[in-house]
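Enquirer:
Number of protein chains: 2
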Amino acid sequence: MKIVAGVDIGGTYTKVGLIDKQGNSHANCSFSTKDYPNIDDYLDTLKNEIFTLVENLPEKAELIGIGIGAPNASSRNGSIENAPNLAWKGSVPIVSKLQAQVNLPVKIMNDASAAALGEMLFGSAKGMTDFIAITLGTGLGGGVVANGQLIDGFDGFAGELGHIDIMKGDGRITGLNVKGGLEAYASATGLKRTVMHMLAKHMDDSELRSIAYNDLHGSTITQLAEKGDPIAIKSFKYTGKILGAALANFVAFSQPQAIFLMGGLVKSGHWILSPTKKYLEKNLLQVYKGKVQLLESGLTDKNPAIMGGAALIWNDLK
Amino acid sequence: MKIVAGVDIGGTYTKVGLIDKQGNSHANCSFSTKDYPNIDDYLDTLKNEIFTLVENLPEKAELIGIGIGAPNASSRNGSIENAPNLAWKGSVPIVSKLQAQVNLPVKIMNDASAAALGEMLFGSAKGMTDFIAITLGTGLGGGVVANGQLIDGFDGFAGELGHIDIMKGDGRITGLNVKGGLEAYASATGLKRTVMHMLAKHMDDSELRSIAYNDLHGSTITQLAEKGDPIAIKSFKYTGKILGAALANFVAFSQPQAIFLMGGLVKSGHWILSPTKKYLEKNLLQVYKGKVQLLESGLTDKNPAIMGGAALIWNDLK
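Those sequence lines, one after another, are chains A and B. If you read the first sequence in numbering that gives the first Met the number 0, its first letter stands for residue 0, the second for the next number, and so on. If you read the second sequence in numbering that gives the first Met the number 0, its first letter stands for residue 0, the second for the next number, and so on.
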């Protein structure tokens, strides 16, 4: 059996999965990213974790490559550059460093762009040539596929859709200091911020008045919406209204056949999907109306960055 | 000599040029689009005009294809669909109709997308794989090239960048009834509308107070800016500020190496380019700063839709 290691480098944990050609996961593990502020120590550990995982498989397997999804990664440069939530500063040439050690194909890509590739190879975008994947987690990431190919951009940083200004240079400030950036509204963090906005604006009774910002999780907001909490319900509607209008603008750029939503916030189900769908359709230009599907990712039970990382390698072997 | 007919179908005139592989024009002609409300009569005339043009060339030439740039054209469907400024209603299968008559390759594309292809084959985007072309004429059109390929979209209507809402669903209304659509600000028409806005807002003396909206042309606004007219100067700055900020958002989508401006408004030179460049750079996300060139089209003395139409055919023969 041939196998690819898909790697999700996150600020807190690094997660590894061994993925076969059909997208099945055969083993996985994780370790603390923060324990390795030195990149060479980190890559030593990553290599050892992967090799141990392969050796311990019940069936004999050949590791044929390592694919990585990471924040602030440039596929064209093979590097992670100035990632605010990682300890390694400046430009880190992670592909060349790891390749020198393992003598295997190594690839890296922005986690959201990799997730789009994962959706195309293993998920619900199979056979589609034009679609957009949106990850709604702590932030908002984008991956754009057109003509059957991922759009990398000039030096590998395309798809930063969370930092598109949707508020005319005004509004909430994102982690990258963009005023009115989309992810300040449409993400798990954005939803929390919207709950605060609604608590400020409205006088409705709500259990959300008893929960501090730092203690608030998306799942709680969903549970409260299910129970009819007016602030929770208003917050989802507001989020979907802004996200739907932004997606309608994205359609004018690349006219995708479908937009896939993935990431933690999608676990809120129809609470986020219904208003987003409504305001996407409402804001579409006439020529696009009725032609763009808004869909949940086909990989919601899997780690999108791991599946995307693995897709980077498998896609080259098609 | 092999030759391609490039065709620019406009609401008033249809223009034809015979373009060789290097992008040189060997002959051209034009006729009234409005004289032919029946599409079959129109295509008869178009065919005859092209054939006559080829026969009258001093050198013997072989016509190897016809490429058309037109408003509301779908490259994937080979049709013009519901173009508001053309007499032919509904979906017009122009490619199949013309091909049946001429027995040659025929292609059609949205005029702005075709112009992007023309820039890549014959203009200043030679060798570039990731760029955006923006036509600033009566409206604003977009053509996006990524991975060396034009982005068509699911059914050929990608790149409608003039109708992206930049004003949170408020603001000026475009010809397609989009509130806050970019082309209501950044186009020859948008500049005229901005002059009206400035005349309303400011009390400066200005020759523009003596010119009615319908008598106002971009060239006049440029001449007055050169003479120091404060309303003309404010209008260009306002246009560039809005266009630059919008382009910065576009960069987050496909990370182009360059953005080319083309069309009538570009004749205003630095009056439009300087403020656009300033506000593009100012609004770019950190990761893109200093990496995106704003350039004038290399085909400013040529008809972008004709060159783009011809590029559609020549690009297939590369």
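Glycine included, each C-beta is placed from N, C-alpha and C at the ideal position. As the structure is a prediction and not an experimental result, all values here were calculated from the model.
Looking at C-alpha atoms only, which residue of B/H201, B/H25, B/N76, B/A309 is the closest neighbour of B/L52?
Expert: Of the candidates B/H201, B/H25, B/N76, B/A309, the one whose C-alpha sits nearest the C-alpha of B/L52 is B/H25.
Enquirer: Are the CB atoms of B/I271 and B/V265 within a distance shorter than 8 Å?
Expert: Going by C-beta atoms, B/V265 is nearer than 8 Å to B/I271.
Enquirer: Compare the C-alpha of B/S273 against each of B/G243, B/L17, B/G289 and name the closest.
Expert: Among B/G243, B/L17, B/G289, the Cα nearest to that of B/S273 belongs to B/G243.
Enquirer: Which residue from A/N81, A/T128, A/T275 puts its Cα closest to that of B/Q285?
Expert: It is A/N81.
Enquirer: Just confirm the distance between the C-beta atoms of A/A251 and B/I163, as a whole number of angstroms; I'd bet it's less than 8 Å.
Expert: That pair is a contact at about 5 Å.
Enquirer: Does the Cβ of A/G141 have 16 or more other Cβ atoms within 10 Å, making it buried, or fewer, making it exposed?
Expert: Burial call: buried.
Enquirer: What is the C-beta distance between B/V94 and B/G77, in whole angstroms, given that I count them as a contact (C-beta under 8 Å)?
Expert: Between B/G77 and B/V94 the Cβ distance is about 3 Å, and since that is below 8 Å, they are a contact.
Enquirer: Taking C-beta pairs closer than 8 Å, name the residues in chain B that A/F259 reaches, listed in chain order.
Expert: Within 8 Å Cβ-Cβ: nothing; A/F259 doesn't reach chain B, min ~14 Å.
Enquirer: With burial defined as no fewer than 16 other Cβ atoms inside 10 Å of the residue's Cβ, what is the status of A/R208: buried or exposed?
Expert: Under this definition A/R208 is an exposed residue.
Enquirer: Answer with yes or no whether the minimum CB distance from A/L284 to chain B is below 8 Å.
Expert: Chain B contact via Cβ: present.
Enquirer: Nearer than 7 Å: is that true of the beta carbon of B/S31 relative to any heavy atom of the ligand SAM?
Expert: Ligands are entirely absent from the displayed structure, and the ligand SAM is therefore not among its contents.
Enquirer: So what does DSSP say about B/L62, is it helix, strand or coil?
Expert: Correct three-state label for B/L62: strand.
Enquirer: Quick check: is the beta carbon of B/V144 nearer than 8 Å to any beta carbon in chain A?
Expert: Not an interface residue.
Enquirer: For B/S95, does the three-state DSSP call read helix, strand or coil?
Expert: The answer is helix: DSSP assigns B/S95 an H, G or I state.
Enquirer: Look up A/L7 in the DSSP assignment and say whether it is helix, strand or coil.
Expert: For the record, residue 7 of chain A in the displayed sequence is Asp; it is not Leu. Of the three classes helix, strand and coil, the one that applies to A/D7 here is strand, per DSSP.
Enquirer: Taking the alpha-carbon positions, what's the B/A114 to B/A145 distance?
Expert: Those two C-alpha atoms are separated by around 15 Å.
Enquirer: Going by alpha carbons, who is nearest to A/G155 out of B/A185, B/Q256, B/A231?
Expert: Of the listed residues, the one whose Cα sits closest to A/G155 is B/Q256.
Enquirer: Less than 8 Å between CB atoms is the rule here; does A/P274 satisfy it with respect to chain B?
Expert: Taking Cβ atoms only, chain B never reaches closer than 8 Å to A/P274, which makes this a no.
Enquirer: Measuring only between beta-carbons, confirm whether B/K290 sits less than 8 Å from chain A.
Expert: Closer than 8 Å: yes.
Enquirer: Rounded to whole angstroms, how far is the Cβ of A/M166 from the Cβ of B/K167, which I believe are closer than 8 Å?
Expert: Going by Cβ atoms, the distance from A/M166 to B/K167 rounds to 6 Å, so yes, they are a contact pair.
Enquirer: Quick one: grab the DSSP three-state call for A/M306.
Expert: Correct three-state label for A/M306: helix.
Enquirer: To the nearest angstrom, how far is the alpha carbon of B/V143 from that of A/K96?
Expert: Cα to Cα, the separation comes out at about 34 Å.
Enquirer: In chain B, which residues lie with their C-beta within 8 Å of the C-beta of A/L175?
Expert: Here the neighbours are L284, Q285.
Enquirer: Can you list, in chain order, the residues of the segment 154 to 168 of chain B whose Cβ is nearer than 9 Å to any Cβ on chain A?
Expert: Cβ contacts with chain A: D154, G155, F156, A157, G158, E159, L160, G161, H162, I163, D164, I165, M166, K167, G168.
Enquirer: Closest Cβ-Cβ distance between B/F30 and chain A: below 8 Å?
Expert: With 8 Å as the cut-off, B/F30 does not count as an interface residue toward chain A.
Enquirer: To be precise: take each residue of the segment 241 to 272 of chain A, compare its Cβ to all Cβ atoms of chain B, and keep it if any distance is under 8 Å. Which residues remain?
Expert: From the segment 241 to 272 of chain A, only A244, A247, N248, F249, A251, F252, S253, Q254, P255, Q256 have a Cβ closer than 8 Å to chain B.
Enquirer: State the Cα-Cα distance for the pair B/F121 and A/L316, rounded to the nearest angstrom.
Expert: Going from the Cα of B/F121 to the Cα of A/L316 covers about 35 Å.
Enquirer: Mark B/D40 as exposed unless 16 or more other C-beta atoms lie within 10 angstroms of its C-beta, in which case mark it buried.
Expert: By the 10 Å Cβ count, B/D40 comes out exposed.
Enquirer: So who's on the other strand from B/A140, going by DSSP bridges?
Expert: First, the amino acid is wrong: residue 140 of chain B is Gly here, not Ala. B/T134.
Enquirer: Starting from the beta carbon of A/D129, find every residue of chain B whose beta carbon is closer than 7 Å, and list them in chain order.
Expert: The answer, in chain order, is G152, F153.
Enquirer: State the DSSP-derived secondary structure class of A/N37, mapped to helix, strand or coil.
Expert: Three-state DSSP puts A/N37 in coil, outside helix and strand.
Enquirer: Does the beta-carbon distance from A/G16 to A/N302 come in below 8 Å?
Expert: Yes, Cβ-Cβ distance for A/G16 and A/N302 is below 8 Å.
Enquirer: Which partner residues of A/N301 appear in the DSSP bridge assignment?
Expert: Checking the sequence shown, residue 301 of chain A turns out to be Lys, not Asn. None; A/K301 has no bridge partner.
Enquirer: Give the DSSP bridge partners of B/Q292, in chain order.
Expert: Its beta-bridge partners are B/A257.
Enquirer: Cβ closer than 9 Å: which chain A residues qualify as neighbours of B/Q148?
Expert: Neighbours of B/Q148 on chain A, chain order: A145, N146, Q148.
Enquirer: Please go through the same chain and pick out, in chain order, the residues whose beta-carbon is closer than 8 Å to the beta-carbon of B/L294, but skip the five residues on each side of it.
Expert: Same-chain partners within the cutoff: S123, A257, I258, F259, L260.
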